[in-house]
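Engineer: Attaching a single structure in structure tokens format; questions to follow.
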Amino acid sequence: RRFEQTSVIQLALTALGLGILRELRREGVVYTHTIGHSLGELGALHAAGLFEEEGLLQLAHTRGRLMEEEALRHVGGMVVLRDMDPEQCQSLCTCAREYGVVGVAAQHGPSLWTLSGEEAAITFILRHAHATKLRTSGAWHSVLMDGAVVPFAEAVRGRLCGGWKASWIANHTGCIEDDVDAVPQFLSTQLVHRIEWLTSMKTLSALAPTDIVCCGPGKTLKGLIRPFVRKDVVFHMTEHPSLLRQTLRELSADE
394 RRFEQTSVIQ LALTALGLGI LRELRREGVV YTHTIGHSLG ELGALHAAGL FEEEGLLQLA
454 HTRGRLMEEE ALRHVGGMVV LRDMDPEQCQ SLCTCAREYG VVGVAAQHGP SLWTLSGEEA
514 AITFILRHAH ATKLRTSGAW HSVLMDGAVV PFAEAVRGRL CGGWKASWIA NHTGCIEDDV
574 DAVPQFLSTQ LVHRIEWLTS MKTLSALAPT DIVCCGPGKT LKGLIRPFVR KDVVFHMTEH
634 PSLLRQTLRE LSADE
């Protein structure tokens, strides 16, 4: 049951991604840009040069623990909405707020939304819209996580080291950010702020990538990125040893 705990899950996923990145680096894989989704921002920033391995793992555990604590204090959940335009989504949220806190956690496509908030508001949405409830233990990326913001910013500030080895597209702005001193604010604010995924994808698309490597379980991430990049962009998967070996062969052949 420990693997149902957010603190354990976040640490485990980060450790997996770190192990994969180690193998990619050992084989001489070179990358120029990084991006992560939610928790994945920590791994992206390690890949970009800002966290040591120990610091990365400690931050993943701290982030999960703080979010877990807030979720126990403020019970909530998340839902996905499809085929809904911005005006409809806003109207639905306005009505649901009669029952509790709720807001947009992310917009992953022109009509694809993730909402996050208190249980009563989430229940209203499930009753009045074609929504799918996510299996999460908290209302991530909502104001219900507010108590985690300051301590996580302090934790990030204490683990920053080095400088940029690759660029980083931030969830909070959707843009390439290069101010190291602003990273604690970006990562901590992300806990209570919507992920600016559409803007992030515009930024990524403008970089014209040819290859994208997903470090860890990548099916969902690939699905979130694929609609926004050229059809000839190659996605390299790594979540299974056989897929990682295939990725290493493919990238080696490209050199």
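Each number in the working numbering comes from the position in the sequence shown (counting from 1) with 393 added on. C-beta atoms are modelled at their ideal positions from N, C-alpha and C, and glycine is treated no differently.
1. Rounded to whole angstroms, how far is the Cβ of P602 from the Cβ of V626, which I believe are closer than 8 Å?
2. Which of helix, strand or coil does DSSP assign to M471?
3. Going by the DSSP bridge assignment, what does W658 pair with across the sheet?
4. Could you pull out every residue in the same chain whose Cβ sits closer than 8 Å to the Cβ of L435, ignoring the five residues on either side in sequence?
5. Can you tell me whether K526 is helix, strand or coil according to DSSP?
6. Can you name the start and end residues of the beta strand (DSSP E) that G436 belongs to?
7. How big is the Cα-Cα spacing for A513 and R550?
8. How many angstroms separate the CA atom of W557 from the CA atom of A575?
9. Quick one: Cα of L505 to Cα of I605, how far?
10. Look at the alpha carbon of K624 and the alpha carbon of H521, and state the distance between them as a whole number of angstroms.
11. Could you pull out every residue in the same chain whose Cβ sits closer than 6 Å to the Cβ of G540, ignoring the five residues on either side in sequence?
12. Starting from A453, follow the beta strand (DSSP E) in both directions and report where the run begins and ends.
13. Considering only C-alpha positions, which residue in the set L636, R638, R642, E632 is nearest to L409?
14. CB L527 to CB G442, shorter than 9 Å?
15. Would you check if the distance between the CB atom of L417 and the CB atom of T640 is smaller than 9 Å?
16. Output the distance between the C-alpha atoms of M538 and Q583, rounded to the nearest integer angstrom.
17. Pop quiz: S535 and T399 are said to be a contact at Cβ under 8 Å. What is the actual Cβ separation, rounded to whole angstroms?
18. On the criterion of 16 or more Cβ atoms from any shown chain inside 10 Å, does C607 qualify as buried, or is it exposed?
19. From the DSSP output, in three-state form, read off H629 for me.
20. Tell me whether the stretch 472-482 and the stretch 560-572 touch, counting them as touching only if at least three CB pairs, one residue from each stretch, are closer than 8 Å.
21. S598 to L637, Cα distance in whole Å?
22. Excluding the 5 residues flanking V384 on each side, which residues of the same chain have their C-beta closer than 6 Å to its C-beta?
23. For the putative contact between V472 and A524, defined by C-beta atoms under 8 Å, what is the C-beta separation to the nearest angstrom?
24. Here's the rule I'm using: 16 or more other beta-carbon atoms within 10 Å means buried, otherwise exposed. How should D495 be labelled?
25. Whose C-beta lies closer than 8 Å to the C-beta of R587 among residues of the same chain, with five residues either side of it excluded?
Structural biologist: If we stick to the structure as given:
1. Looking up residue 602 in the sequence shown gives position 209. Looking up residue 626 in the sequence shown gives position 233. So it is a contact: roughly 6 Å between Cβ atoms.
2. For the purposes of this step, residue 471 is taken as the residue at position 78 of the sequence shown. For M471, the secondary structure class from DSSP, reduced to helix, strand or coil, is strand.
3. With the chain running from 394 to 648 in the structure shown, residue 658 is simply not present.
4. In the sequence shown, residue 435 corresponds to position 42, counting from 1. T407, G429, F444, L449, L452, A453, R456, L580, listed in sequence order.
5. Taking the sequence shown and counting its residues from 1, the one referred to as residue 526 is at position 133. If DSSP states are grouped into helix, strand and coil, K526 belongs with the strands.
6. Reading the sequence shown from its first residue, position 43 is the one you call residue 436. It is not in any beta strand (DSSP E) - G436 instead sits in the alpha helix (DSSP H) that spans 433-440.
7. One-based indexing of the sequence shown puts residue 513 at position 120. One-based indexing of the sequence shown puts residue 550 at position 157. Spanning the two alpha carbons is a distance of roughly 36 Å.
8. On the sequence shown, residue 557 is found 164 positions in, with the first residue counted as 1. On the sequence shown, residue 575 is found 182 positions in, with the first residue counted as 1. For W557 and A575, the distance between alpha carbons rounds to 13 Å.
9. Indexing the sequence shown from 1 puts residue 505 at position 112. Indexing the sequence shown from 1 puts residue 605 at position 212. Approximately 22 Å between the Cα atoms of the pair.
10. In the sequence shown, residue 624 corresponds to position 231, counting from 1. In the sequence shown, residue 521 corresponds to position 128, counting from 1. Annotation: K624 to H521 spans about 36 Å, alpha carbon to alpha carbon.
11. Residue numbering aside, residue 540 sits at position 147 when the sequence shown is read from its first letter. Listed in chain order, the non-local C-beta contacts of G540 below 6 Å within the same chain comprise E463, local neighbours out to five positions each way being set aside.
12. Taking the first residue of the sequence shown as 1, we reach residue 453 at position 60. DSSP places A453 in no beta strand (DSSP E) but in the uninterrupted alpha helix (DSSP H) bounded by 446-466.
13. Translated into positions along the sequence shown, residue 409 becomes position 16. Here the closest residue by C-alpha is E632.
14. Looking up residue 527 in the sequence shown gives position 134. Looking up residue 442 in the sequence shown gives position 49. Result no, Cβ atoms of L527 and G442 do not sit closer than 9 Å.
15. Taking the first residue of the sequence shown as 1, we reach residue 417 at position 24. Taking the first residue of the sequence shown as 1, we reach residue 640 at position 247. Closer than 9 Å, so yes.
16. Stepping through the sequence shown from its first residue, residue 538 is reached at position 145. Stepping through the sequence shown from its first residue, residue 583 is reached at position 190. Using only the alpha carbons, I get a separation of about 10 Å.
17. Translated into positions along the sequence shown, residue 535 becomes position 142. Translated into positions along the sequence shown, residue 399 becomes position 6. Not confirmed; about 14 Å, so no contact.
18. Counting from 1 along the sequence shown, the entry for residue 607 is found at position 214. Classification for C607: buried.
19. Position 236 of the sequence shown holds residue 629. Residue state, collapsed to three classes: strand.
20. No, they do not touch.
21. Start at 1 with the first residue of the sequence shown, and residue 598 comes out as number 205. Start at 1 with the first residue of the sequence shown, and residue 637 comes out as number 244. About 25 Å.
22. Outside the shown range of the chain, which is 394 to 648, sits residue 384, and nothing can be said about it.
23. As a position in the sequence shown, residue 472 is number 79, starting the count at 1. As a position in the sequence shown, residue 524 is number 131, starting the count at 1. Contact holds; Cβ gap of about 4 Å.
24. By 1-based counting over the sequence shown, the position of residue 495 is 102. Reading off the sequence, residue 495 comes out as Val, not Asp. Counting C-beta atoms within 10 angstroms of its own C-beta, V495 has 16 or more neighbours from the protein chains shown and is therefore classed as buried.
25. The residue you call residue 587 lines up with position 194 of the sequence shown. Here R587 has G496, V497, A498, A499, Q500, H534 as same chain residues with Cβ atoms under 8 Å from its own Cβ, once five neighbours each way along the sequence are excluded.
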